[in-house]
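Novice: Handing you a structure now.
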Amino acid sequence: MTIDGKAAPLGNYPAVKIFGNLIFVSGISARLPDNRVAGVEQIGGQIKGDAAIQTQVILDKLDALLQEHGSCLEECLDVTAFLTDMDDFPAFNRVYAEHFRIETGPARTTLAVKALPKPGMVVELKVVAARP
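Its first residue numbered 1, the sequence shown is counted upward by one per residue in full-length UniProt numbering.
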């Protein structure tokens, strides 16, 4: 199911919640409007997710979402990153660093989780941003 050409949330929650000048973005993944997950391939009987591809898709989606609400990536204040495998951390971190600088980027916490909602989904971000 899609909302305005975007993948609908998998549960009963909004994709974005605005409070004052803060934008709270619910977990954002590389799930596409057709419910597939970008960067996923099946190799033999194994489903494998590419953390670099998924991180890029997520950050592109996040930037578009923030711009819809009068903000942008530069206004991100706090990011919580969820990875299903910490071996993916270097690929995730490399793509992340292309979008955020250490001096001006958001605070960040990265956690390993057992699984994410869709097979092959290996990265999810939860974000708080300002709306100037």
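The beta-carbon is built from N, C-alpha and C at its ideal position, and this holds for glycine as well.
Where Ile3 and Ala91 are concerned, what is the direct C-alpha to C-alpha distance, given to the nearest angstrom?
Specialist: Reliability of the predicted coordinates at Ile3 is poor, the pLDDT of 44 falling under 50, and no value is obtained from them.
Novice: What did DSSP end up calling Arg94 once you bin it into helix, strand or coil?
Specialist: Assigned with DSSP and collapsed to three states, Arg94 falls in helix.
Novice: Starting from the C-beta of Val95, find all residues in its chain whose C-beta is less than 6 Å away, skip the five residues before and the five after it, and write them out in chain order.
Specialist: Ala52, Thr55 and Gln56
Novice: Determine, using beta carbons only, whether Leu32 comes closer than 7 Å to chain D.
Specialist: Absent here is chain D; the protein component of the structure consists of one chain.
Novice: Between Val113 and Phe89, how many whole angstroms is the CB-CB distance? I'm expecting something under 8 Å.
Specialist: Wrong, their Cβ atoms sit about 13 Å apart, outside the cutoff.
Novice: Give me the Cβ distance between Leu65 and Val16, rounded to the nearest whole Å; I'm assuming they're in contact under 8 Å.
Specialist: In this structure Leu65 touches Val16 by the C-beta definition: roughly 7 Å separates them, less than 8 Å.
Novice: Going by beta carbon distance, what residues of the same chain come within less than 7 Å of Lys61, once the five residues before and after it are set aside?
Specialist: Ile28
Novice: The beta strand (DSSP E) spanning Lys114 covers which residue range?
Specialist: Here Lys114 belongs to no beta strand (DSSP E), and DSSP marks it neither H nor E.
Novice: Go ahead and label Met121 buried or exposed: buried means 16 or more other beta carbons lie within 10 angstroms of its beta carbon, across all protein chains shown.
Specialist: Classification of Met121: buried, given that the 10 Å Cβ count is 16 or more.
Novice: In or out: Met1 buried (at least 16 other Cβ within 10 Å) or exposed?
Specialist: Residue placement at Met1 is flagged as unreliable, the pLDDT there being 39, under the threshold of 50; a coordinate-derived value is accordingly withheld.
Novice: Candidates Pro132, Pro117, Val79 and Arg131: which alpha carbon is nearest Leu111's?
Specialist: Comparing alpha-carbon positions, the option among Pro132, Pro117, Val79 and Arg131 lying closest to Leu111 turns out to be Val79.
Novice: Given a cut-off of 7 Å, decide if Arg131 and Asn21 are closer than it, judged by their beta-carbon atoms.
Specialist: Cβ atoms of Asn21 and Arg131: closer than 7 Å.
Novice: Identify which residue in Lys118, Ala129 and Leu125 has its Cα closest to the Cα of Glu41.
Specialist: Lys118
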